[in-house]
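Everything below concerns the one structure shown next.
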Amino acid sequence: MNLVLQSEADKASGEHACCHGEHGHQQEGPETGEYDRVPVGYDGTVYTCPMHPQVRQTRMGSCPICGMGLELESAGMAEDGPNPELVDFNRRFWVGTVLTIPLLILTMGPYLGLGIREAIGERTTLWIEFALGTPVVLWCGLPFLVRAWNSFRTMNLNMFSLIGMGVMAAWLFSVVAIIAPQIFPDGFRDADGNVGVYFEAAAVIVTLVLLGQVMELRAREGTGKAIRALLDLAAKSARIIRADGSEEEIALEDVVVGDRLRVRPGDKVPVDGVVRDGRSSVDESMISGEPVPVEKVAGDSVTGATINGTGSLIIEATRVGSETMLAQIVGMVAAAQRSRAPIQKYADKVAGVFVPVVIGIAMLAFVGWAIWGPAPALSYALVAAVAVLIIACPCALGLATPMSIMTATGRGAQVGVLIKNAEALERFEKIDTLIVDKTGTLTEGKPRLVAVMPEVGFDEAEVLRLAASLERGSEHPLAEAIVRGAEERGVAIDEASDFEAITGKGVKGTVGGQAVALGNIALVRDLGLEAEALTDKANARRDDGETVMFVMLGGKVAGLVSVADPVKETTPAALKELHALGLRIIMATGDNERTAKAVAARLGIDEIRADVLPEDKARIIRELQAEGAKVAMAGDGVNDAPALAQADVGIAMGTGADVAIESAGITLVKGNLDGIVRARRLARATMSNIRQNLFFALIYNTAGVPIAAGVLFPFFGILISPMFAAFAMSASSISVVLNSLRLRSAKV
């Protein structure tokens with residue numbers, strides 16, 4: 001890494017850490033230092049929990065409160081390569097899948113008309129099931145069993161508590177059933193004296209939970225990718241000018257404030273600084289989002305990672321390392337992404353109540369059957385307790401969100417809406433405010449020649465030929481649009497000589513032996529010409545968001561050329577539909593207020609925020625959120641990345657920068673706003689589907705737990721076996737899967 005970065009939040013955490021003892025705070029408590037294991041003075045990698053920031057430690061692991069995997073606290077510590085936890089879980093998932101499939105075939109064989117069990121014998125089959133299921137439970141499911149144990153050890157009950165209980169109950173019951181079937185009641189043994197086992201139930205639970213964890217980790221890996229993409233924007237070295245005039249290439253981290261640096265044509269500006277000599281156009285779209293370069297002369301400021309044009313600049317470094325604009329953007333992205341709470345938090349809240357209730361019911365069932373049950377009472381007590389734990393296992397609850405999300409993401413991809421994770425859809429359903437960038441989001445992001453207006457005595461082609469011929473040798477920000485417009489219209493472009501750029505006013509030179517100039521009204525007046533008749537026409541087009549320039553030939557104003565960034569064809573209809581869906585729309589742009597107002601008025605946008613910087617967009621979102629608004633941000637540039645990360649939902653244009661895509665929860669492949677309409681509809685359909693799934697997941701448990709405990713036995717003589725409990729658990733999972741598949745045909 002060439003940048004050592006630390007966000008303000010990270011700095012605060014670092015200062016906070018200075019108050020720790022060797023093993024953390026002196027005070028103990030769930031919200032203070034009980035979970036902080038970072039020693040004083042430690043400056044290496046620190047891992048924290050996105051949901052519980054008080055959890056801090058120097059090694060990878062899982063959160064002792066909620067059980068989810070920890071992630072890097074400092075943005076600058078992001079490393080290349082895959083997430084080790086994702087690699088590990090992916091390996092465990094595939095091993096579990098390979099072993100679980102034949103296990104399911106053995107178990108379901110009789111129902112499918114397969115004679116496998118009869119061919120090899122029931123007793124042999126049971127031992128094969130043991131051989132297949134045990135590695136899945138004890139190796140593939142080991143991380144969950146550890147997390148479950150830790151949840152009971154610290155009494156922070158969560159979803160892993162339920163998973164660990166259910167899996168181990170099914171596995172231990174099955175092991176005992178194979179080794180000592182004689183201890184079970186006669187009603188639970190077949191004619192050969194064998195007891196039904198549930199290795200397949202335990203293996204399926206582990207494999208499905210692994211699938212959910214792999215999906216979650218893949219989504220979270222986007223954080224590291226976004227940060228690495230930002231870091232890759234930085235220059236890797238700088239060319240320093242020594243006091244004796246000699247020049248040398250040095251590493252970026254060796255640059256200090258006050259160094260004089262040369263930025264050659266085509267190079268990236270290494271750090272934030274001020275131009276001391278030279279003139280060039282700098283592509284600042286990374287910061288401003290505007291697609292046209294900006295002219296830089298002595299005294300102007302430049303930003304690190306922006307791209308120099310064809311001129312050479314000598315700059316003085318004013319901000320380096322973690323103080324640069326790029327470093328601050330990285331910090332903001334990391335802090336905003338880390339502050340988000342995953343959707344798993346809701347399930348953990350349910351588990352916090354559900355786990356102790358289930359444990360209590362299982363214990364009461366065991367005690368009740370042991371005291372009042374028929375002989376052998378302890379066997380009935382064990383069966384009832386295990387049945388309660390199995391039927392309560394949250395297999396379907398673990399499937400409820402991933403299945404809907406997998407189906408919804410497939411459906412979204414069909415209509416050009418790419419969904420990163422469940423949280424994005426959950427939040428997007430509740431959004432009431434949409435902030436959109438202008439350039440590349442509402443507009444095409446590529447300035448185009450939109451009009452040529454000749455004066456009397458000149459024709460359109462002649463005016464455009466003069467302007468394009470002069471601009472071909474210019475570094476003017478809009479030159480490319482004029483030259484490209486001439487080429488598209490088949491206008492021949494001549495060579496220009498005696499070219500001169502006049503800062504802030506325009507350019508002049510000689511084309512075909514005639515003096516030609518192109519610029520604003522100030523240049524017209526400098527040349528002693530009159531253009532009052534054209535001024536009103538120029539202002540009218542400026543009010544439409546266009547940039548207008550005067551073309552002068554031989555002491556006369558020959559006409560006007562107008563350049564603009566056109567609004568996408570799909571934008572007006574999409575905005576109308578978004579208003580109909582109840583969204584308040586705000587345009588936040590780095591463009592000037594006059595242009596922003598013109599675009600907003602034409603499109604019916606509710607509010608505008610013009611001349612904003614990257615940190616301003618994120619600040620605007622924070623202010624709206626503080627007022628209670630649920631904010632979505634749509635953008636396409638690197639400058640939008642902090643705002644995309646800060647928003648409740650970030651929406652990136654698929655035609656934009658990679659870092660914007662990585663920072664967002666939703667990506668629109670075609671980059672059109674009508675994709676937001678589809679995303680909104682898809683979010684509503686998906687969240688409705690998830691709620692239905694949660695109902696299916698919990699209704700079986702709610703109804704099945706008391707039956708498994710034996711409440712019907714005194715009245716109807718009904719006591720369900722663990723096999724039936726496993727079937728009920730499977731039925732809830734099947735209901736969830738079938739319901740999720742309905743999203744394939746959702747109308748979005």
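Take UniProt numbering: the last position of the sequence shown gets the number 748, and nothing is skipped along the way. Even for Gly, the Cβ is constructed at its ideal location relative to N, Cα and C.
Cα-Cα separation between residue i and residue j, rounded to whole angstroms
| i | j | result |
| --- | --- | --- |
| D232 | K420 | 22 Å |
| V631 | F160 | 32 Å |
| L389 | A202 | 12 Å |
| T401 | V209 | 11 Å |
| P143 | Q213 | 11 Å |
| E444 | K568 | 6 Å |
| E487 | A610 | 33 Å |
| A384 | V38 | 45 Å |
| P135 | L112 | 26 Å |
| E241 | P265 | The sequence shown places Ile at residue 241, rather than the Glu named in the question. Answer to the nearest angstrom: the Cα atoms are 16 Å apart. |
| D88 | V98 | 16 Å |
| G440 | M587 | 12 Å |
| M403 | T207 | 14 Å |
| M549 | P447 | 14 Å |
| I315 | D277 | 7 Å |
| L712 | A703 | 12 Å |
| E284 | E460 | 32 Å |
| D640 | M633 | 9 Å |
| G69 | E295 | 48 Å |
| V737 | F696 | 10 Å |
| T318 | D272 | 6 Å |
Supposed close pair residue i, residue j - CB separation, criterion 8 Å
| i | j | result |
| --- | --- | --- |
| G545 | A564 | 6 Å |
| T686 | L425 | 5 Å |
| V748 | R411 | 7 Å |
| G509 | D498 | 5 Å |
| residue 749 | V463 | No answer is possible for residue 749: the residues shown for the chain start at 1 and end at 748. |
| E321 | V269 | Note that residue 321 is Gly in the sequence shown here, rather than Glu. With 8 Å as the limit, G321 and V269 do not qualify as a contact, their Cβ atoms being about 15 Å apart. |
| V297 | V282 | Going by Cβ atoms, the distance from V297 to V282 rounds to 11 Å, so no, they are not a contact pair. |
| L217 | E423 | With a Cβ gap of about 14 Å, L217 and E423 do not count as contacting. |
| L442 | L583 | At roughly 14 Å, the Cβ-Cβ gap does not stay under 8 Å, so L442 and L583 are not in contact. |
| A501 | S469 | Actually they are not in contact, since the Cβ atoms of A501 and S469 sit about 15 Å apart, beyond 8 Å. |
| G559 | V452 | 7 Å |
| I651 | A664 | 6 Å |
Beta-bridge pairing of residue i - partner residues as DSSP gives them
| i | result |
| --- | --- |
| V417 | L668 |
| N308 | V282 |
| Q57 | Y47 |
| T124 | Looking at the DSSP assignment, T124 forms no beta bridge with any residue, so it has no partner. |
| V550 | At residue 550 the sequence reads Phe, which differs from the Val that was named. Looking at the DSSP assignment, F550 forms a beta bridge with G519, L560. |
| E71 | T48 |
| V175 | Per DSSP, none; premise fails for V175. |
| I315 | L261, V275 |
| G251 | Checking the sequence, you will find Ala at residue 251 rather than Gly. DSSP output for A251 lists S237 as bridge partner(s). |
Residue i, DSSP secondary structure in three states
| i | result |
| --- | --- |
| V748 | coil |
| A632 | strand |
| D88 | helix |
| G96 | helix |
| M108 | helix |
| M587 | strand |
| E296 | First, the residue type needs correcting, since residue 296 is Lys and not Glu in the sequence shown. K296: strand per DSSP, three-state reduction. |
| S237 | strand |
| V507 | strand |
| F499 | strand |
| G245 | coil |
| E607 | strand |
| M165 | helix |
| V271 | coil |
| G704 | helix |
| S151 | helix |
| G519 | strand |
| L103 | helix |
| L434 | strand |
| G650 | strand |
Within-8 Å CB hit, residue i to chain C
| i | result |
| --- | --- |
| V353 | In the structure shown, chain C cannot be found, because there is only a single protein chain. |
Just checking, does the segment 113 to 133 make contact with the segment 158 to 176 on the three C-beta pairs under 8 Å criterion?
Taking a cut-off of 8 Å on C-beta distances, the segment 113 to 133 touches the segment 158 to 176, as three or more cross pairs fall below it.
Three CB pairs or more closer than 8 Å across the segment 689 to 709 and the segment 429 to 444
With the cut-off at 8 Å, the segment 689 to 709 and the segment 429 to 444 do not touch.
Does the segment 664 to 682 come close enough to the segment 707 to 720 to have 3 or more Cβ pairs within less than 8 Å?
The segment 664 to 682 is not in contact with the segment 707 to 720.
Tell me whether the segment 146 to 155 and the segment 55 to 67 touch, counting them as touching only if at least three CB pairs, one residue from each stretch, are closer than 8 Å.
Segments in contact, yes.
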